[in-house]
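For this note's numbering, count along the sequence shown from 1 and bump the result up by 188.
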Amino acid sequence: MVFYKTKEEIELLRESSLLVGKTLAEVAKLIKPGVTTLQLDKIAEEFIRDNGAEPGFLGYGGFPNTLCTSVNEAVVHGVPNDKPLIDGDIVSVDCGTLMNGFYGDSAYTFEIGEVTPEIHKLLEVTKECLNKAVESAVSGNRIGDIGYAVQKHAEDNGYGVVRELVGHGLGRGLHEKPEVPNYGRRGRGLKMKEGLVIAIEPMINLGVKEVSQLEDGWTIVTKDRKPSAHFEHDVAIAKGKAEVLSTFKYIEEVLNKN
Ligand code: MG
Ligand code: MG
Numbered sequence: 189m190v191f192y193k194t195k196e197e198i199e200l201l202r203e204s205s206l207l208v209g210k211t212l213a214e215v216a217k218l219i220k221p222g223v224t225t226l227q228l229d230k231i232a233e234e235f236i237r238d239n240g241a242e243p244g245f246l247g248y249g250g251f252p253n254t255l256c257t258s259v260n261e262a263v264v265h266g267v268p269n270d271k272p273l274i275d276g277d278i279v280s281v282d283c284g285t286l287m288n289g290f291y292g293d294s295a296y297t298f299e300i301g302e303v304t305p306e307i308h309k310l311l312e313v314t315k316e317c318l319n320k321a322v323e324s325a326v327s328g329n330r331i332g333d334i335g336y337a338v339q340k341h342a343e344d345n346g347y348g349v350v351r352e353l354v355g356h357g358l359g360r361g362l363h364e365k366p367e368v369p370n371y372g373r374r375g376r377g378l379k380m381k382e383g384l385v386i387a388i389e390p391m392i393n394l395g396v397k398e399v400s401q402l403e404d405g406w407t408i409v410t411k412d413r414k415p416s417a418h419f420e421h422d423v424a425i426a427k428g429k430a431e432v433l434s435t436f437k438y439i440e441e442v443l444n445k446n
């Protein structure tokens, strides 16, 4: 069933989502060649706890860490490790928080040092896909309108759209109904209305859309091992324009200083 949130509940979701944005900004301060994803994981966990919340992913379905760190061909659900990042890598850092009973869930793909123009464009287009998806997430539209917006923009640029993993409702549960696919047809699926809160998270591949899972039981990688990008926002459905509860503002303030 779909849970619709009250104004008060949406404020709590906003607080949790904002903490994710601030945590990712802490990651942004440190992320560079030579740093390991485990180091990033540690500072994220400390920052979340220092702010009176719990890591949302740690222990969720048995996941061992605070962050999902997915490097290059890893799409999502990468497990932090002690391998240093190198110049030219990209890393999707996905973070969840649980605060006052509500989850926040947001992801940003970082460039490590200098990436190729081809990879830089993949990240830009994936972020544009997210923005287009948010624009279509308004009351009266349907879930299929979101997927259509993402798929159209990604495929117009020659990229593959991951089918196996999707966005989701967000609330007292990390993954609530409805599923929010990154592909779809206009006018199909659940009609959105005020009170619905969803996490929209395009996962866009430079090459083919197909993915597989590594033997660690977590990491999802592209079948052709070409890079993949991932950005995620939490939004509350409203009339005319969705309210974005999460933010990249703090992250991009840090990145623009460097
Ligand atoms: Mg996420
Ligand atoms: Mg999510």
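Each residue gets a CB set at the ideal place from its N, CA and C atoms; glycine is no exception. Computed from a predicted structure; not experimentally measured.
- Considered as a whole, the region 297-365 harbours 305-324 and 331-344 as its complete alpha helix (DSSP H) runs of no fewer than 4 residues, in chain order.
- In terms of Cα proximity to Phe419, the closest of Ala321, Lys195, Leu226 and Gly428 is Ala321.
- Rounded to the nearest whole angstrom, the C-alpha separation of Ile300 and Pro268 is 16 Å.
- The C-beta distance from Ile425 to Glu382 rounds to 6 Å, short enough to fall under 8 Å.
- The C-beta separation of Gly335 from Lys379 comes to about 14 Å, leaving the pair out of contact by the 8 Å criterion.
- The three-state secondary structure of Ala426, taken from DSSP, is coil.
- By the Cβ neighbour-count rule, Met287 is buried, with 16 or more other Cβ atoms within 10 Å of its own.
- CA-CA distance, Asp229 to Leu246, rounds to 10 Å.
- The C-alpha of Glu203 is placed about 16 Å away from the C-alpha of Ile439.
- By DSSP's assignment, Gly292 forms a beta bridge with Thr285.
- In this structure, the CA atom of Glu323 is about 13 Å from the CA atom of Lys315.
- At least one heavy atom of ligand 1 lies closer than 7 Å to the C-beta of Ala295.
- Residue state for Thr194 is assigned as coil, using DSSP reduced to three classes.
- A straight line joining the alpha-carbon of Thr407 with that of Lys195 spans about 36 Å.
- In the three-state DSSP reduction, Val208 falls in the helix class (H, G or I).
- In this structure, the straight-line span from the alpha carbon of Gly249 to that of Ile392 is close to 24 Å.
- With three or more CB-CB distances shorter than 8 Å, the region 392-405 counts as touching the region 340-351.
- Shown here, Thr407 sits in coil according to DSSP, grouped into three states, outside any helix or strand.
- Leu443: not part of any beta strand (DSSP E); member of the alpha helix (DSSP H) spanning Lys437 to Lys445, first to last residue.
- Here Lys379 is bridged, per DSSP, to Arg330.
- In the three-state DSSP reduction, Val396 falls in the coil class, being neither helix nor strand.
- Residues Val409, Thr410, Arg413, Lys414, Pro415 and Ser416 of the same chain have their beta carbon placed closer than 7 Å to that of Glu261, with the five preceding and five following residues left out of the count.
- Within a 10 Å sphere around the beta-carbon of Asn446 sit fewer than 16 other beta-carbons, which makes this residue exposed.
- Under the three-state reduction of DSSP output, Ala232 falls in the helix class.
- Where Ser416 is concerned, the enclosing beta strand (DSSP E) starts and stops at Ser416 to His418.
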